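Below: one structure, written as structure tokens.
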Ligand code: AMP
Ligand code: GLY
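In the numbering used here, the protein residues as written are 86 to 541.
Set out below in structure tokens:
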């Protein structure tokens, strides 16, 4: 074991946690939980799971923040054999897969197919189910087949490029071009000019996004306002987790380049019961019916990236995991024992578990490195984290340096989440605390939630 746990030399807290865990076989419920991933989403998942009864949380590989709620384990989620080895040695009961890549690469199939891992529950779809995110062409075919409302599209590869040009000519600007495969969130181009779109289509097919853009999905542009709706399903039953709005552009007023997400708000005022009923009837139910009909065993999260056009929901994309930074808002609004909920999900008993969400509003502000989403520096010493009040700071890209300082280690660095009775109250607390955090080059949006406040 010692060789795969990052402890204790450079982190006193981890050493203490580890010893506590070693001795603890006395709680009525003992659940060893492994969260795979290293971002703000994984910190939020681990933070919530750590509050569950009898939970001992491990995070592989984690970051400086996850070390506060569990034990970081120096294993890459892509190394399935190492994950297995750890699960067996540490008697892990539940594995929660944070990012999409291990799911698309078949980690759930690996677990299900291994007799030694029979007793280990895992949250996430199998490889075929993960295609809902792993291949946009697959997702579009699926939606078409099962009547899920989405934008009209045309799939292009090198063999039918001319038809692709014709489709572009047949739709109005803006033109939406999507790489079929995973492209680290960068594979979508939205362009106003027809000729530029044709040129970019050619470049994509020529490998602009590597193998991911060997097929390109051209889509009609959907108007409206976006929202992320999260479903937890055991294949038979489902619960709607709190929805959230993500802020994708780097600059205030939705200006500048796309990012992984600069902030989130949950709940979203325009997600009225009437709208959410439509989401359930028109999207969630046909999606689950389709998964069943395709013989896909789906026990995990479905993240619906939706466009609300005049009160009607359309699917922009499916993801097969939770969103980031939405999770940093959503987890703070889930009440009760989250490990219970996930265990029940893995067992196909989601209908038996009580699930409730807080009425409070959560506002999350993401602090990023200067230059992000383009080139940025790492290793900037962070200060102010110990002075935060009334908020939870979820670490995204952070690490410890040799002197045990918390330093920046990524583009998105830390997400600060506050609660309030209204968006106004939550955002004023969040921004009050954000101002206490410092590191060289720090950047964040100042307008998270402002647009939604006007709708409240
Ligand atoms: P995706 O990776 O498919 O979510 O696309 C990234 C972003 O591009 C989405 O969050 C939307 O903001 C935008 N987008 C994608 N598809 C469309 C569409 N058909 N119409 C309008 N905007 C879109
Ligand atoms: N926040 C969008 C995503 O996680 O893909």
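Even glycine gets a Cβ: it sits at the ideal position worked out from N, Cα and C.
Note that the structure is a prediction, hence the values are computed from the model and not measured.
Beta-carbon proximity check, residue i vs residue j, cutoff 8 Å
i, j, result
"residue 327", "residue 419", "yes"
"residue 273", "residue 222", "no"
"residue 486", "residue 464", "yes"
"residue 414", "residue 506", "no"
"residue 192", "residue 119", "no"
"residue 256", "residue 275", "no"
"residue 502", "residue 519", "no"
"residue 318", "residue 240", "no"
"residue 251", "residue 304", "no"
"residue 208", "residue 441", "no"
"residue 446", "residue 515", "no"
"residue 140", "residue 424", "yes"
"residue 185", "residue 405", "yes"
"residue 499", "residue 350", "no"
"residue 258", "residue 279", "yes"
"residue 147", "residue 163", "no"
"residue 129", "residue 479", "yes"
"residue 371", "residue 233", "yes"
"residue 416", "residue 348", "no"
"residue 195", "residue 171", "no"
Cβ-based burial, residue i [other Cβ within 10 Å; buried from 16]
i, result
"residue 342", "exposed"
"residue 428", "buried"
"residue 247", "exposed"
"residue 109", "Interpretation of residue 109 is limited by its pLDDT of 47, a score under 50 that renders its predicted location unreliable; the figure taken from the coordinates is listed afterwards. By the 10 Å Cβ count, residue 109 comes out exposed."
"residue 439", "exposed"
"residue 533", "buried"
"residue 453", "buried"
"residue 277", "exposed"
"residue 210", "buried"
"residue 522", "buried"
"residue 218", "buried"
"residue 357", "exposed"
"residue 409", "buried"
Cβ-heavy atom distance, residue i to ligand 1, below 7 Å
i, result
"residue 402", "yes"
"residue 273", "yes"
"residue 455", "no"
"residue 459", "no"
"residue 189", "no"
"residue 263", "yes"
"residue 236", "yes"
"residue 304", "yes"
"residue 77", "The structure shown does not extend to residue 77, since the chain is modelled only from 86 through 541, so no value can be given for it."
"residue 219", "no"
"residue 390", "yes"
"residue 185", "no"
"residue 311", "yes"
Rounded straight-line distance, which links the Cα of residue j to that of residue i
i, j, result
"residue 361", "residue 369", "10 Å"
"residue 529", "residue 374", "41 Å"
"residue 94", "residue 244", "Reliability of the predicted coordinates at residue 94 is poor, the pLDDT of 32 falling under 50, and the value obtained from them is presented with this limitation in mind. Spanning the two alpha carbons is a distance of roughly 57 Å."
"residue 496", "residue 215", "26 Å"
"residue 229", "residue 212", "20 Å"
"residue 206", "residue 293", "38 Å"
"residue 398", "residue 151", "35 Å"
"residue 525", "residue 448", "24 Å"
"residue 316", "residue 200", "29 Å"
"residue 474", "residue 380", "48 Å"
"residue 161", "residue 421", "30 Å"
"residue 312", "residue 393", "7 Å"
"residue 271", "residue 434", "37 Å"
"residue 104", "residue 235", "Note that residue 104 scores 48 on pLDDT, short of 50, meaning its location in the model is unreliable; the coordinates nonetheless yield the value given after this. Distance between the alpha carbons of residue 104 and residue 235 is about 51 Å."
"residue 402", "residue 314", "11 Å"
"residue 531", "residue 337", "6 Å"
"residue 158", "residue 269", "24 Å"
"residue 136", "residue 466", "29 Å"
"residue 282", "residue 198", "44 Å"
"residue 154", "residue 183", "16 Å"
"residue 542", "residue 426", "Beyond the ends of the chain as shown, which are 86 and 541, falls residue 542; an answer cannot be given."
"residue 346", "residue 462", "19 Å"
"residue 267", "residue 290", "14 Å"
Distance cut-off 7 Å: residue i Cβ against heavy atoms of ligand 2
i, result
"residue 410", "yes"
"residue 346", "yes"
"residue 331", "yes"
"residue 270", "yes"
Distance cut-off 7 Å: residue i Cβ against heavy atoms of ligand 4
i, result
"residue 307", "Ligand 4 is not among the ligands present in this structure, which contains only ligand 1 and ligand 2."
Completely contained beta strand (DSSP E) runs for the stretch 291 to 371, where each covers 3 or more residues: 301 to 304, 310 to 318, 323 to 325, 334 to 336, 340 to 343, 348 to 351
Completely contained beta strand (DSSP E) runs for the stretch 167 to 220, where each covers 3 or more residues: 179 to 182, 206 to 210
Every unbroken alpha helix (DSSP H) inside the stretch 473 to 519 [4 residues or more]: 508 to 519
3-residue-minimum beta strand (DSSP E) runs that sit fully inside the stretch 388 to 472, ordered along the chain: 397 to 404, 446 to 453
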